[in-house]
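J.: After the structure tokens below, expect a handful of questions from me.
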Amino acid sequence: AGGRGIFPRADVAARGAGVARAGAHPDAPGQVFTLAGGAGVPTAEFFAPYAELVHRRLPVAPTAVALAAARLRHALPGDEEVNAHAVRYLARTGTYSIARARTRLGYAPRVELADGLERTVAWLRDRL
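Be aware that the sequence shown starts at 1, since it is given in my numbering, and climbs by one per residue.
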């Protein structure tokens, strides 16, 4: 999708709090709650800070080209993280609803995307 797929961001701290709330809620057993960021972000925008951190250009290609490359990569021995399923996931334009978790559990993401990316990049930079 040329980097325009929508990536469902995740707030790990909020997910932990959501799991704790679900565990304590009397109506939660048997229910499914999506504990995600509540809004997606274009894939290229999400991954750009990480590419910049390692001084690399973020590779962006039309979905058909990325799928063809993934199929070629799949034919080679070794690491299989680059595959057609991953390409389709990163090219998807939908996101996940957190409405049930929000209304029944009071779940809400705690960290805004920009702040979360900044914190993550800083954490990674300290370890490189």
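No residue lacks a Cβ here, since even glycine has one placed at the ideal position from N, Cα and C.
(1) By Cβ distance below 7 Å, which residues in the same chain neighbour tryptophan 123 in space, the five residues on each side in sequence not counted?
(2) Flag this pair as yes or no: are the beta carbons of leucine 67 and valine 87 separated by less than 8 Å?
(3) Tell me proline 42's beta-bridge partners as DSSP assigns them.
(4) Identify which residue in Thr63, Pro49 and Ser97 has its Cα closest to the Cα of threonine 120.
(5) Enumerate in chain order the residues of its own chain whose CB-to-CB distance from histidine 74 is below 6 Å, with the five nearest sequence positions on each side excluded.
(6) Got a sec? Which residues, its chain only, sit under 6 Å from aspartate 11 by beta carbon, not counting five neighbours each side?
T.: Checking against the coordinates, here is how it stands:
(1) As a position in the sequence shown, residue 123 is number 123, starting the count at 1. Counting only Cβ-Cβ distances below 7 Å, and skipping sequence neighbours, we find nothing.
(2) In the sequence shown, the residue the question calls residue 67 occupies position 67. In the sequence shown, the residue the question calls residue 87 occupies position 87. Yes, the pair counts as a contact, with Cβ atoms nearer than the cut-off.
(3) Translated into positions along the sequence shown, residue 42 becomes position 42. Bridge partners of proline 42: Ile6.
(4) Indexing the sequence shown from 1 puts residue 120 at position 120. It is Pro49.
(5) Locating residue 74 in the sequence shown gives position 74, where the first residue counts as 1. Answer for histidine 74: Asn83, listed in chain order.
(6) By one-based count along the sequence shown, residue 11 stands at place 11. Once the five neighbours on either side are set aside, the close Cβ partners of aspartate 11 are Gly37, Pro109, Arg110 and Val111.
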